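Asker:
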Amino acid sequence: MTNITYEAELRMKVIELRFSGNWYTDLCILGFIKLLNEIYGWELQEIRERLRKEPHLIFAGYFPVAYIGWYLIKRLERFYLSRDYRLYDIIEENPLKLENVKARLINKVYELCLEDSQENCNEREVFEKTWQKIEKLAEATGSIILGWINYLHKRKLERISKKLENEFKKCYLLSASNKIKVRKLPIHSDFYHNFMLFNPSLNVEKQKERLQKIVQRYPPLDEEILRKFDRTINKFLVSEKEIPNVYYTPTNAENIYKLFEQYPLVFLMCFEIAFENFGPLGYYAFYSPDLEFTYYVNRRLSALKRRAKKGDVLRLTWKAIIDSLYEKHAKWVLEDMYIIKYKSITRQRIIGVEYIGFDKARATLILDDRIRESLNWRINIGEGEESRTVWLIERFLQGEDLYSIILNYFSNQLSKREEFLEASKLIMALAAEYSIRHRNKEPRGHRLFTSDFFVKIPTNIEIAYSYLRNLEMISSIIKKIISPLYEESEALRSLITILLETLSKMDKNSFMHILLSELNKYPEPLTPKISKKIYRIIFQDSYWYIYALGLLIKLYRR
Amino acid sequence: MKGKTIKLFSEIKQSFNKVLNVIATSERVSTRYIEGLIYSLLSAVKANDQNSFLNYLITFLNTFNREEISEFMRKLYNVFPLPEESFQKLGYLIIMGFMSIKVRGGE
Numbered sequence: 083m084t085n086i087t088y089e090a091e092l093r094m095k096v097i098e099l100r101f102s103g104n105w106y107t108d109l110c111i112l113g114f115i116k117l118l119n120e121i122y123g124w125e126l127q128e129i130r131e132r133l134r135k136e137p138h139l140i141f142a143g144y145f146p147v148a149y150i151g152w153y154l155i156k157r158l159e160r161f162y163l164s165r166d167y168r169l170y171d172i173i174e175e176n177p178l179k180l181e182n183v184k185a186r187l188i189n190k191v192y193e194l195c196l197e198d199s200q201e202n203c204n205e206r207e208v209f210e211k212t213w214q215k216i217e218k219l220a221e222a223t224g225s226i227i228l229g230w231i232n233y234l235h236k237r238k239l240e241r242i243s244k245k246l247e248n249e250f251k252k253c254y255l256l257s258a259s260n261k262i263k264v265r266k267l268p269i270h271s272d273f274y275h276n277f278m279l280f281n282p283s284l285n286v287e288k289q290k291e292r293l294q295k296i297v298q299r300y301p302p303l304d305e306e307i308l309r310k311f312d313r314t315i316n317k318f319l320v321s322e323k324e325i326p327n328v329y330y331t332p333t334n335a336e337n338i339y340k341l342f343e344q345y346p347l348v349f350l351m352c353f354e355i356a357f358e359n360f361g362p363l364g365y366y367a368f369y370s371p372d373l374e375f376t377y378y379v380n381r382r383l384s385a386l387k388r389r390a391k392k393g394d395v396l397r398l399t400w401k402a403i404i405d406s407l408y409e410k411h412a413k414w415v416l417e418d419m420y421i422i423k424y425k426s427i428t429r430q431r432i433i434g435v436e437y438i439g440f441d442k443a444r445a446t447l448i449l450d451d452r453i454r455e456s457l458n459w460r461i462n463i464g465e466g467e468e469s470r471t472v473w474l475i476e477r478f479l480q481g482e483d484l485y486s487i488i489l490n491y492f493s494n495q496l497s498k499r500e501e502f503l504e505a506s507k508l509i510m511a512l513a514a515e516y517s518i519r520h521r522n523k524e525p526r527g528h529r530l531f532t533s534d535f536f537v538k539i540p541t542n543i544e545i546a547y548s549y550l551r552n553l554e555m556i557s558s559i560i561k562k563i564i565s566p567l568y569e570e571s572e573a574l575r576s577l578i579t580i581l582l583e584t585l586s587k588m589d590k591n592s593f594m595h596i597l598l599s600e601l602n603k604y605p606e607p608l609t610p611k612i613s614k615k616i617y618r619i620i621f622q623d624s625y626w627y628i629y630a631l632g633l634l635i636k637l638y639r640r
Numbered sequence: 123m124k125g126k127t128i129k130l131f132s133e134i135k136q137s138f139n140k141v142l143n144v145i146a147t148s149e150r151v152s153t154r155y156i157e158g159l160i161y162s163l164l165s166a167v168k169a170n171d172q173n174s175f176l177n178y179l180i181t182f183l184n185t186f187n188r189e190e191i192s193e194f195m196r197k198l199y200n201v202f203p204l205p206e207e208s209f210q211k212l213g214y215l216i217i218m219g220f221m222s223i224k225v226r227g228g229e
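Chains as they are written, first to last, in this note's numbering: chain R, 83 to 640; chain E, 123 to 229.
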C-alpha cells in the first residue's frame, strides 16, 4: 500500500530542469538537454513540457535510446577518425562516409521512437520496448561496420579490414545467413571508463540490467541506498584535487541525489555529452549560471564548429558567446561565465583542465556596438616577415593588455612604412583598455557595496567615450599646429618614431620635451584650454601613455 | 610635506595665470622671443637643471615691473629646490602656459 502512495506521489512531482550554480552538476543537466536536442531535435521548451507530461516515457523510453545512440555514433566516429584505421582517407563511397552514416543512425533512432505509442505502459514495459529498439540500433551499427569491412576488403586493404573485423567480432556474432547478432553493445567511454554499463567485460544481458539501473526511478533519500550509491558515484566524481584551478562547491552523493531527485544517475551519466570535442585541442563547454543562455551558447558553438576550420576554437567560442549575448541581451548573466576545457582523459583522470572566466566590466564594454565591432578583428603583431595574428576581442576578454599589443602593432607598421586604415578601430580598442584600467584603480579603503557599486558598470562605456572625446580634442589642435609637417611624410614619420620610443620607455619627460619642442617650431599657439587639457592628462592621469599612444596613431593618420 | 607642496603648487598656478595675462597683453614681447625662451626652458626641464630654469625665467620676467610678477616670483622661490618629478610638473606647467600665449603679443 505504501508503495502505491509513493508511486503516486512521484508521479505528481514535476522534474524541473534548473541550474544550481555548481558547474559540475549543471553541466550534467546541460548534457542531458543537449543529448535530447541532438538526437530528437527538441528545443528546451519542448523538453520541459515533455518532462512535465510524461517523465517516465522520457527517462525509460526516449532517453536510453538517445543515450546509447549517442555512444554508438561516437564509437563509429572513433573508428572512422582514428589513426589506426584512417577510414577518412580511404572511403570514397558516399553512403559509407561518416556524416551519412551518422545521419542514417540518427534517422533510425527517430524512426524507432516514433513508430509506436507507449502512453498506457508502465515504466518496466516501456523499458522492455526501449531495449528492443536499442538492440535494433546496435544491429544497424554493426551492419555499418560490416559495410566498412566489406569495402576495405574490396579495396584489398586486408590489414585494416582484419583489424576492424576483430573489433567487430568482439561485439557481434555473424550467423551463416549473414544475420547480425549483438553480443554486447559496442560502446566505450574514456570518461566513465568501467562505470556501470561501460565495463568492457559485460555481455548484452548485463548491459541491459545496468542500463535499467541507470534509468530507474530512485526513492527519496534512503540511507541504505545512499550508502550503496555513494561508492558508485564517487568513482567518477572529480575531486577538487584533480581540477586544481577550478573551484566548485565540493559536493557529495547526498547533495547530488537531492538535486536530481528521482533520476540521479541519468543526469550524472550525461556530463561528458555537454562538452564539444575539438579534436587535438581538447573538449570545450561554456558555462554560465543561466540555463537558457548556457544552452544557446553551447548549441551555437556546436553549429559553428560544424562549419569552421580546425584551430579556431577560442575564436568560435567567443563568437558564439558574443553573438548569443548580443541576441539575448542577457546583461544580468554577465557576472559569471566560464569556458571549461579539458584536454583528454586517461584512466578516468581529466587532464589539462582550464577554466577561462571573464569579468563583467569587459563583457559590458563588448555589449556596446561600436566597441565590439572595433575589437572584432585580427591584427598582425609578428615582427618582420613572419606573421602572428591576434584576435583583439579574444585577448581583451582574456584580460590581456591591449595597450602593449597595439603599441607593438603600431611600431611594426611604422617601421614597415605601411599605411593602415584601421586607426579608428585601434583607438577604440585603446579606449576600451583605458576604461578597464581606469575602473581597476579604486581608491584605497574602497568598500565593495557602496551605493555606486551598481552604477559603476554603465559608466565603463562613458569612460571609454570620454577618452575618445578628449583624444579628438587634443589631436585635432595638435594636427592643426603641425600641419606643415604633413607635407614631408618622412619628417612626420621620424617624429612619431622618436615619440614612440620615449613612450615605450614610459619616459614622460622626454615625450613632453620632444612634443613641445616640435609644437614650438610653428607659429600657431596651443589654446589655453587645450594646453590645460594636455597638462592634466599627462601629469594627472596615471594612464597618460594610453592617451599618448592614441595621439600618435591619430597624428600618423593624416 | 606632500600636502604642503600641492597647496603651494595650486597657489603658484593661480598667480601664474595672472602673469600670463600680463605677458599676453604686453606689447613688448615678441613671439620669437617666447619661442626661444620655451626652448631654453624645455632643455632645462629635461636635464633637471633647476638652476638654469630659474635663471631663464627670472631674466625674462625681470623686464616687467608689475606686482603680479613679483608675487609669482616670491611663491616660486619658496618651493625650490624641488624633487625631479615635481620639478617636471611645474616646469611643463610654465612651459605650456607660455605656449598658449605665443602669438598674442606683438611681433
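All C-beta atoms, glycine included, are put in the ideal place defined by N, C-alpha and C.
Quantities reported herein were computed from a predicted structural model and do not represent experimental measurements.
Ends of the beta strand (DSSP E) at E/THR185?
Answerer: Per DSSP, E/THR185 belongs to no beta strand (DSSP E) and is neither H nor E.
Asker: Relative to chain E, which residues along the stretch 577 to 596 of chain R have a C-beta separation below 8 Å, given in chain order?
Answerer: Of all residues in the stretch 577 to 596 of chain R, LYS590, ASN591, SER592, MET594 and HIS595 have a Cβ within less than 8 Å of some Cβ in chain E.
Asker: Kindly say whether E/THR147, judged by its beta-carbon, lies nearer than 8 Å to any beta-carbon of chain R.
Answerer: It does not: the Cβ of E/THR147 has no partner Cβ on chain R nearer than 8 Å.
Asker: With a threshold of 8 Å between beta carbons, is E/LEU157 in contact with chain R?
Answerer: Leu is not the amino acid found at residue 157 of chain E; the sequence shown has Glu there. It does; some Cβ of chain R falls within 8 Å.
Asker: When you compare each of R/VAL348, R/ILE563, R/ILE559 and R/LYS636 to R/LEU508 by their alpha carbons, which one comes out closest?
Answerer: Looking at the Cα atoms, R/LYS636 is the closest of the given residues.
Asker: Tell me the DSSP bridge mates of E/GLU206?
Answerer: The partner list for E/GLU206 (beta bridge, DSSP) is empty, contrary to what the question assumes.
Asker: Would you tell me roughly how many angstroms separate the C-alpha atoms of R/GLU247 and R/GLU467, rounded to the nearest one?
Answerer: C-alpha separation (whole angstroms): 51 Å.
Asker: Buried or exposed: R/ASP166, going by 16 or more other Cβ atoms within 10 Å of its Cβ?
Answerer: Counting Cβ neighbours within 10 Å, R/ASP166 comes out exposed, since fewer than 16 surround it.
Asker: Let's see if you can read the secondary structure: which residues bound the alpha helix (DSSP H) around R/LYS245?
Answerer: That run of the alpha helix (DSSP H) goes 240 to 253.
Asker: For R/PHE531, which residues from the same chain have a beta carbon less than 7 Å from its beta carbon, with the 5 sequence-adjacent residues on both sides left out?
Answerer: With a pLDDT of only 47 at R/PHE531, under 50, the local geometry of the prediction cannot be trusted, and the value read off the model is given with reservation. There are no such residues.
Asker: Would you verify that the beta carbon of R/PRO371 is, or is not, closer than 8 Å to some beta carbon of chain E?
Answerer: It does not; no Cβ of chain E falls within 8 Å.
Asker: Starting from E/LEU130, find everything on chain R with Cβ-Cβ shorter than 8 Å and list it in chain order.
Answerer: Correct list: empty, because the minimum Cβ distance to chain R is about 16 Å.
Asker: Between the stretch 207 to 218 of chain E and chain R, which residues of the former have CB atoms less than 8 Å from a CB of the latter, in chain order?
Answerer: So the list reads GLN210, LYS211, TYR214, LEU215, ILE217 and MET218, given in the order they occur along the chain.
Asker: What does a CB cutoff of less than 6 Å around R/ILE242 pick up in its chain, not counting 5 residues either side in sequence?
Answerer: Cβ neighbours of R/ILE242 beyond the five flanking positions: TYR167 and LEU234.
Asker: Closest to R/LEU70 by C-alpha separation, out of R/GLU570, R/MET510 and R/SER565, would be which residue?
Answerer: In the structure as shown, chain R starts at 83 and stops at 640, and residue 70 of chain R therefore has no counterpart that could be examined.
Asker: Starting from R/ALA367, trace the beta strand (DSSP E) both ways and give me its first and last residue.
Answerer: First-last of the beta strand (DSSP E) with R/ALA367: 365 to 369.
Asker: Of the choices R/GLU554, R/LEU489, R/ALA445 and R/GLU98, whose alpha-carbon is the least far from that of R/ILE578?
Answerer: The option with the nearest alpha carbon to R/ILE578 is R/LEU489.
Asker: Is the CB of E/MET195 under 8 Å away from at least one CB in chain R?
Answerer: Cβ-Cβ to chain R under 8 Å: no for E/MET195.
Asker: Would R/ILE355 and R/TRP105 be called neighbours here (beta carbons separated by less than 8 Å)?
Answerer: Their beta carbons are not under 8 Å apart, which means R/ILE355 does not touch R/TRP105 by this criterion.
Asker: So that I know if they touch, is there some Cβ in chain E lying closer than 8 Å to that of R/ASN602?
Answerer: So, interface residue.
Asker: When the Cα of E/ILE145 is compared with those of E/ALA169, E/LEU215, E/ASP171 and E/GLU190, which residue comes out closest?
Answerer: With distances taken between Cα atoms, E/ILE145 lies closest to E/GLU190.
Asker: In whole angstroms, give me the CA-to-CA distance for R/TYR214 and R/LYS135.
Answerer: Reading off the sequence shown, one finds Gln at residue 214 of chain R, where the question assumed Tyr. Distance between the alpha carbons of R/GLN214 and R/LYS135 is about 24 Å.
Asker: Let's see if you can read the secondary structure: which residues bound the alpha helix (DSSP H) around R/TRP230?
Answerer: Looking at the DSSP string, the run of the alpha helix (DSSP H) that includes R/TRP230 is 205 to 236.
Asker: Within 10 Å of its beta-carbon, does R/HIS595 have 16 or more other beta-carbons around it, so buried, or fewer, so exposed?
Answerer: Label assigned to R/HIS595: buried.
Asker: Name, in chain order, the residues that DSSP records as bridge partners for R/ARG460.
Answerer: According to DSSP, which records beta bridges pairwise, R/ARG460 is partnered with R/TRP473.
Asker: Let me know the secondary structure DSSP gives R/ILE173 once reduced to three states.
Answerer: Of the three classes helix, strand and coil, the one that applies to R/ILE173 here is coil, per DSSP.
Asker: Under 8 Å: do the stretch 139 to 156 of chain E and the stretch 177 to 186 of chain E share three or more Cβ pairs, one atom per stretch?
Answerer: Yes, they touch.
Asker: Can you check whether the C-beta of E/TYR161 is within less than 8 Å of a C-beta belonging to chain R?
Answerer: So, interface residue.
Asker: Considering only residues of the same chain and omitting the five flanking positions on each side of E/GLY227, which have a CB-CB separation below 8 Å?
Answerer: Because the pLDDT of E/GLY227 is 43, which lies under 50, any placement of that residue in the model is unreliable, and the number read from its coordinates should be weighed accordingly. Closer than 8 Å at Cβ, skipping near neighbours: ILE145, ALA146, SER148, GLU149, ARG150, VAL151, SER152, THR153 and ILE156.
Asker: Going along the stretch 536 to 565 of chain R in order, which residues come within less than 7 Å of chain E, judged by CB to CB distance?
Answerer: Listed in sequence order: no entries.
Asker: Would you call the stretch 548 to 568 of chain R and the stretch 580 to 596 of chain R in contact, with 3 or more CB pairs under 8 Å?
Answerer: Counting Cβ pairs under 8 Å, fewer than three are found: no touch.
Asker: Would you call the CB atoms of R/LEU666 and R/LEU154 closer than 8 Å?
Answerer: A query on residue 666 of chain R cannot be resolved here, the shown segment of chain R reaching from 83 to 640 and no further.
Asker: Once you ignore the five residues that flank R/LEU574 on each side, which residues in its own chain have a CB closer than 7 Å to its CB?
Answerer: The residues are LEU567 and TYR568.
Asker: Chain R beta carbons: is any one of them nearer than 8 Å to that of E/LEU164?
Answerer: With 8 Å as the cut-off, E/LEU164 counts as an interface residue toward chain R.
Asker: To the nearest whole angstrom, what separates the beta carbons of E/LYS211 and E/LEU130, a pair I think is in contact under 8 Å?
Answerer: Between E/LEU130 and E/LYS211 the Cβ distance is about 12 Å, and since that is not below 8 Å, they are no contact.
Asker: Quick check on DSSP: helix, strand or coil for R/LEU284?
Answerer: Reduced to three states, the DSSP call for R/LEU284 is coil.
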